[in-house]
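Asker: In this note's numbering, the protein residues as written are 65 to 474.
Starting off with a structure, shown below.
Right, dumping it as structure tokens:
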């Protein structure tokens with residue numbers, strides 16, 4: 065079907081605004097807006113048929129004259145985002161079912177090969193109007209704010225995209241989990257057992273870091289993504305553990321990271337400290353979590369019965385370079401798949417004694433269970449230090465002193 069015939073067929077459905085007519089041919093030619101394209105198509109048809117041309121002044125059966133209100137929608141977006149700090153944005157749209165049905169019917173009936181959807185033009189035109197009025201920049205890939213228009217009820221929903229920063233944390237106090245735990249009894253609802261806090265533990269590394277962050281960014285929440293995690297009864301010292309903090313729905317974004325670091329360290333003094341290295345993004349979270357970093361530990365080992373330091377040191381050294389078969393430990397079996405994992409002890413040595421116990425430093429492959437490497441976990445880990453010594457041995461304290469595999473750019 066020739067183009068003028070297609071235009072006549074479209075107009076036969078009913079009165080159609082220039083925007084919608086032009087959008088049915090939206091991918092034809094360049095340098096034209098859809099309303100210019102539609103007006104040109106009507107003029108071309110009038111010339112071809114030697115008929116008078118009249119400007120559209122009715123009610124569009126496709127969109128209901130939505131595009132007459134582009135500036136009104138821009139004002140609504142500006143009002144909805146007025147209390148949010150942002151420099152880049154994107155406009156989205158929930159297309160009313162009737163409009164989607166109308167345009168899709170024409171596409172299908174006439175087999176139109178190059179239409180542009182209503183949603184695309186709305187997003188573009190309202191976005192251009194907002195940008196022209198307040199100077200914000202449209203960003204299709206990583207907008208700081210997304211404004212979702214709902215023509216069905218005239219509302220604008222604002223989605224504020226997260227901010228991320230990368231750093232390392234150290235944990236000096238045992239008994240603090242890495243992230244928030246809901247109360248086991250009430251699942252976070254609040255009960256007598258948790259003193260109606262909803263929390264199994266009052267504090268976590270995530271919350272000690274996150275509270276001042278939430279205040280600084282005027283955010284809804286802060287989520288810690290760590291490069292692995294230490295046991296709740298372990299300290300994280302030495303070089304610290306790499307992490308990315310996700311700041312959820314921040315109304316402020318221009319934050320001085322050095323000042324933020326100082327505030328976190330002040331409020332969490334003696335419990336947790338951070339070194340914030342730089343800004344990050346969402347894509348880095350998966351990289352951080354999937355990075356199988358080697359870890360170094362300093363542990364205190366208690367052994368039943370009398371044993372010389374020399375005998376102990378020799379037994380420890382036999383584990384260096386050995387691949388360990390570890391069935392999921394009893395202590396984590398409730399949350400981990402029950403299977404046998406192979407992990408290598410990269411290096412291990414006894415470096416001294418303390419309070420009648422032996423001080424051992426271990427460099428292990430990611431995922432090596434250190435407590436079970438010592439105790440044997442009733443035969444679930446083999447070989448183990450207890451098996452080699454042929455006597456009971458267990459870890460009385462554990463510190464993580466190094467997590468290798470830091471993010472590039474640290």
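For every residue, glycine included, the Cβ atom is placed at its ideal position computed from N, Cα and C.
Out of curiosity, what's the CA-to-CA distance linking residue 229 and residue 269?
Answerer: Roughly 15 Å separates the two Cα atoms.
Asker: Identify which residue in 295, 336, 326 and 113 has its Cα closest to the Cα of residue 436.
Answerer: Among 295, 336, 326 and 113, the Cα nearest to that of residue 436 is on 295.
Asker: Starting from the C-beta of residue 240, find all residues in its chain whose C-beta is less than 8 Å away, skip the five residues before and the five after it, and write them out in chain order.
Answerer: Result list for residue 240: 265, 267, 268, 269, 272, 296, 335 and 336, in chain order.
Asker: Which residues share a DSSP beta bridge with residue 340?
Answerer: Answer is 231.
Asker: Could you give the DSSP three-state label for residue 294: helix, strand or coil?
Answerer: It is coil, neither helix nor strand.
Asker: Could you please give the first and the last residue of the uninterrupted beta strand (DSSP E) stretch that includes residue 389?
Answerer: Unbroken beta strand (DSSP E) run through residue 389: 387 to 391.
Asker: Report the residue from 156, 253, 280 and 102 whose alpha carbon sits nearest the alpha carbon of residue 203.
Answerer: Residue 156 is the option with its Cα nearest to residue 203.
Asker: DSSP state of residue 466, grouped into three classes?
Answerer: Strand at residue 466.
Asker: Could you tell me which of 449, 274, 185 and 352 sits nearest to residue 426, measuring between CA atoms?
Answerer: Out of 449, 274, 185 and 352, 449 has the C-alpha closest to the C-alpha of residue 426.
Asker: Closer than 8 Å by C-beta to residue 331: which residues in its own chain qualify, once you throw out the five before and the five after it? Chain order, please.
Answerer: Same-chain partners within the cutoff: 272, 275 and 276.
Asker: Give me the Cα-Cα distance between residue 102 and residue 223, rounded to the nearest whole angstrom.
Answerer: For residue 102 and residue 223, the distance between alpha carbons rounds to 33 Å.
Asker: Considering only residues of the segment 217 to 293, which uninterrupted alpha helix (DSSP H) runs meet the minimum length of 4 residues and lie entirely inside it, listed in chain order?
Answerer: Correct list: 269 to 281.
Asker: Contact between the segment 155 to 170 and the segment 203 to 215 is defined here as three or more beta-carbon pairs at a separation below 8 Å; is this criterion met?
Answerer: Judged by Cβ distances under 8 Å, the segment 155 to 170 makes contact with the segment 203 to 215, as three or more pairs qualify.
Asker: So within the segment 79 to 123, which uninterrupted alpha helix (DSSP H) runs reach at least 4 residues, ignoring any that extend past its ends?
Answerer: Counting only runs of 4 or more, we get 82 to 87 and 98 to 113.
Asker: Do residue 319 and residue 231 come within 8 Å of each other at the CB atom, strictly closer than that value?
Answerer: The answer is no: Cβ separation not under 8 Å.
Asker: If you check the beta carbons only, do residue 120 and residue 210 fall under 8 Å apart?
Answerer: For residue 120 and residue 210, no; Cβs fall outside 8 Å.
Asker: Suppose contacts are defined by Cβ-Cβ distances below 8 Å. Is residue 126 in contact with residue 187 by that definition?
Answerer: Cβ atoms of residue 126 and residue 187: not closer than 8 Å.
Asker: Please list, in chain order, all residues of the same chain as residue 466 whose beta carbon is under 6 Å from its beta carbon, the five residues on each side excluded.
Answerer: Same-chain partners within the cutoff: 302, 303 and 360.
Asker: Looking at the unbroken beta strand (DSSP E) that takes in residue 302, where does it start and where does it end?
Answerer: From DSSP, the beta strand (DSSP E) with residue 302 extends over 299 to 312.
Asker: So the beta strand (DSSP E) residue 401 belongs to, where does it begin and stop?
Answerer: Segment: none, residue 401 is in no beta strand (DSSP E) and carries neither H nor E.
Asker: Are residue 315 and residue 282 closer than 8 Å when you measure CB to CB?
Answerer: Yes, Cβ-Cβ distance for residue 315 and residue 282 is below 8 Å.
Asker: What does the alpha-carbon distance come out to for the pair residue 105 and residue 85?
Answerer: Rounded to whole angstroms, residue 105 to residue 85 spans 8 Å at the Cα level.
Asker: Using three-state DSSP, classify residue 351 as helix, strand or coil.
Answerer: In the structure shown, residue 351 sits in a helix (DSSP, three-state: H, G or I).
Asker: Roughly how many whole angstroms lie between the Cα atoms of residue 174 and residue 114?
Answerer: Residue 174 and residue 114: Cα-Cα distance of roughly 24 Å.
Asker: Does DSSP put residue 145 in a helix, a strand or coil?
Answerer: The answer is coil: DSSP assigns residue 145 none of H, G, I, E or B.
Asker: Buried or exposed, going by whether 16 or more other CB atoms sit within 10 Å of the CB of residue 225?
Answerer: By the 10 Å Cβ count, residue 225 comes out buried.
Asker: Does DSSP put residue 360 in a helix, in a strand, or in coil?
Answerer: In this structure, residue 360 counts as strand in the three-state DSSP scheme.
Asker: Using a threshold of 8 Å, state whether the C-beta atoms of residue 189 and residue 87 are closer than that.
Answerer: No; because the gap between Cβ atoms is not below 8 Å, this pair is not in contact.
Asker: Does the distance from the C-beta atom of residue 380 to that of residue 421 stay below 8 Å?
Answerer: No; because the gap between Cβ atoms is not below 8 Å, this pair is not in contact.
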